[in-house]
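Here the sequence shown stands for residues 6 to 195, numbered as in this note's numbering.
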Amino acid sequence: MPSTSRASRFFEQADQREYAFCQAINRVAGVPSVLGYFRLVSRLGDGWFWYALILALPFLAPPPGPALALLMALTGLSCTLTYKLLKRWLIRERPFISFPTINCGTPPLDRYSFPSGHTLHAVCFQTMLFVAVPALALAILPFTLSVAASRVVLGLHYPTDVAAGALIGGLMGFAASHYLLADMQRLMAG
């Protein structure tokens, strides 16, 4: 497995470069109110917030809502498959596993770190909302940013995990939105 060993060597070097930053960010989780906030955001980012939003979209945004909700559900499944395959293939240990001085603020959903699945989903859905319902997207943006920050604050991810999750999620959300826009234009024209 030459690609896995190359990825392992790359991540070992990256882990060392990101360690001090991760440790500094993780220290803010020592403040009980900060830890409580990011634990809550992380728990909601497990999917609960997004499930509720998808169910509410037909009522919150009637014209594109039902189609957007269905597209978000299908894209969310694609996001899950994508990040799970990448994690199994690239195998990057989480910061709190590699560096015992980094505290784990909440139990992770799986073992590996790269990319951040929470961030991937959040940015994917955020991108789709910006395309279809910009006002709602602006209201949800603080939650999305908090989800991304929670991953490093809680010691679960390195900043590059979050950046990769955001990039992949943004691309997936943009690609899915292309289909939604084409569908909306057909409806308006027809």
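Where is the CB? At the ideal position from N, CA and C, for every residue including glycine.
All of these numbers come straight from a predicted model, not from anything done at the bench.
task = Quick one: grab the DSSP three-state call for Tyr163.
result = coil
task = Could you check the C-alpha separation between Asp51 and Ser10 for me, to the nearest Å?
result = 30 angstroms
Residue from Ser182, Phe148, Cys129 whose Cα sits closest to the Cα of Thr85 = Cys129
inquiry  = List, from N- to C-terminal side, the alpha helix (DSSP H) runs of 4 residues or more that fit wholly inside the segment 63-101.
reply    = 70-95
ask   = Based on the DSSP output, what are the partners of Tyr117 in its beta bridges?
value = Glu98
Beta-carbon spacing of Pro120, Leu91 below 8 angstroms = yes
inquiry  = Considering only the alpha carbon of each residue, which of Phe16, Leu95, Met77, Val167 lies closest to Ala180?
reply    = Met77
Supposed contact pair Ala137 and Ser182 - C-beta distance, whole angstroms, cut 8 angstroms = 7 angstroms
query = Span of the alpha helix (DSSP H) holding Val158?
reply = 139-158
request  = Alpha carbon to alpha carbon, how far is Arg156 from Arg14? Give it in angstroms, no decimals.
outcome  = 23 angstroms
request  = Assess, as a yes-or-no matter, whether the segment 44-60 is touched by the segment 103-119 under the definition of 3 or more beta carbon pairs within less than 8 angstroms.
outcome  = yes
task = Go ahead and pull the three-state DSSP assignment for Ala108.
result = Checking the displayed sequence, the identity of residue 108 turns out to be Asn instead of Ala. Coil at Asn108, not helix or strand.
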